[in-house]
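Contents: one structure, followed by commentary.
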Amino acid sequence: MGTAVFYLVAAVGVVSAIAAMAHRNPVVNVLSLVVTLFSIAVSYALLGAEFLAAAQILVYAGAILVLFLFVVMLLGAPAEPDAGESRPFQRTAGLALAALAAAGGAAVVAAIHAAAPAGALRGTAQALGVMLTGEYLFAFEFISVLLLAALVGALVLVKRKH
Amino acid sequence: MTIPTSNFVILAAILFAIGAAGVLLRRSGISILLGIELMLNAANLALVAFGRQHGQLDAQVFVFFVMAVAAAEVAVGLALLVAIFRKQQSIDVDRLNVMRW
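One line per chain: the protein sequences are A and B, in this order.
Heads up, the first sequence is in my numbering, so the first residue is 1 and it goes up one at a time.
Heads up, the second sequence is in my numbering, so the first residue is 1 and it goes up one at a time.
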């Protein structure tokens, strides 16, 4: 079962990665990359990395790509060639995306259950937390300094000069 | 039952190749950043797969750090794009030639 899940998820991930790179519309690019990142999260779960699978969805598919979407909207997505006042595909596309997201979540849960049995390596939040606050404590604290520096840098870069 | 490491590494290689092609072929700054994200994720996937191969959790800690650094990189990269757009009204990297002599 795990193997079938892997091949399905890998195929979806590769196809949506191609769409993320090749499509002309930047909104489609960003949303396709979300699907690819979901499939990578399922792969993490299949590898027994439970915490990383959750972090991948929260941090990447959630935070980082929403930031991308904000910038795409801020800079203005290119005008659609035929954006009539009626958008027949909008509702269908929204429903399909929602179904896809639900299927992605279900696949993650199924993959965690199908993950390698007892004795195998399991990257639980507890195991990673012990390492982060023990062996890697300095790097863990330094990451917060880096994030603060990036925050200040981003603010300085986009600040309007008066 | 257990999926071989090579499957994950091949998937990571394919995703990395697609991301690299996107970075090299696209001219929009946003698409280039998206390609970089895809390459980072492919590298992360390979790291986790190899970590399982060697039975160590350290690889997953490294992936956690890569995620944090990628978040910082995206924040600064997108801020740069917004600043460039304000200056040039475009994020076409072919038009970013002010430092050319």
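Here a beta-carbon is modelled for each residue, glycine too, at the ideal position from N, C-alpha and C.
Here the structure is a predicted model, which means the values were calculated and not measured.
Residue i and residue j closer than 9 Å at C-beta
| i | j | result |
| --- | --- | --- |
| residue 111 of chain A | residue 42 of chain A | yes |
| residue 64 of chain A | residue 71 of chain B | yes |
| residue 132 of chain A | residue 140 of chain A | yes |
| residue 37 of chain A | residue 7 of chain A | no |
| residue 17 of chain A | residue 19 of chain B | yes |
| residue 73 of chain B | residue 150 of chain A | yes |
Three-way DSSP call (helix, strand, coil) for residue i in this model
| i | result |
| --- | --- |
| residue 144 of chain A | helix |
| residue 32 of chain A | helix |
| residue 159 of chain A | coil |
| residue 97 of chain B | coil |
| residue 81 of chain B | helix |
| residue 106 of chain A | helix |
| residue 3 of chain B | coil |
| residue 23 of chain A | coil |
| residue 37 of chain B | helix |
| residue 13 of chain A | helix |
| residue 44 of chain A | helix |
Member of the options whose CA lies at the smallest distance from the CA of residue i
| i | options | result |
| --- | --- | --- |
| residue 22 of chain B | B:14, B:13, B:93 and B:32 | B:32 |
| residue 7 of chain B | B:28, B:19 and B:50 | B:50 |
| residue 52 of chain B | A:122, A:104 and A:95 | A:122 |
| residue 80 of chain B | A:154, A:1, A:2 and A:4 | A:154 |
| residue 74 of chain A | B:82, B:36 and B:77 | B:82 |
| residue 100 of chain A | A:46, A:35 and A:10 | A:35 |
| residue 46 of chain A | A:161, A:137, A:1 and A:92 | A:1 |
| residue 5 of chain B | B:16, B:40, B:36 and B:54 | B:54 |
Identified DSSP bridge partners for residue i
| i | result |
| --- | --- |
| residue 92 of chain B | B:28 |
Contact list for residue i against chain B, beta-carbon separation under 7 Å
| i | result |
| --- | --- |
| residue 29 of chain A | 31 and 34 |
| residue 72 of chain A | 30 |
| residue 3 of chain A | 3 |
| residue 66 of chain A | Result: empty, since nearest Cβ-Cβ is about 11 Å, beyond 7 Å. |
| residue 89 of chain A | Neighbours of residue 89 of chain A on chain B: none; closest Cβ ~23 Å, over 7 Å. |
Within chain A, partners of residue i - CB distance below 7 Å
| i | result |
| --- | --- |
| residue 8 of chain B | 43 and 47 |
| residue 85 of chain B | 75 |
Neighbouring residues, chain A, relative to residue i (Cβ below 9 Å)
| i | result |
| --- | --- |
| residue 27 of chain B | Chain A residues near residue 27 of chain B: none, gap ~11 Å exceeds 9 Å. |
Chain-ordered chain B contacts of residue i [CB-CB under 8 Å]
| i | result |
| --- | --- |
| residue 143 of chain A | 65, 68 and 69 |
| residue 34 of chain A | In chain order: nothing, as chain B lies at least about 11 Å away. |
| residue 13 of chain A | 11 and 15 |
is_contact[residue i, chain C] using C-beta, thresh 9 Å
| i | result |
| --- | --- |
| residue 153 of chain A | The structure shown contains no chain C; its protein chains are A and B. |
Neighbouring residues, chain A, relative to residue i (Cβ below 8 Å)
| i | result |
| --- | --- |
| residue 60 of chain B | 49, 51, 52, 123 and 128 |
| residue 76 of chain B | 150, 153, 154 and 157 |
| residue 82 of chain B | 71, 74, 75, 157 and 158 |
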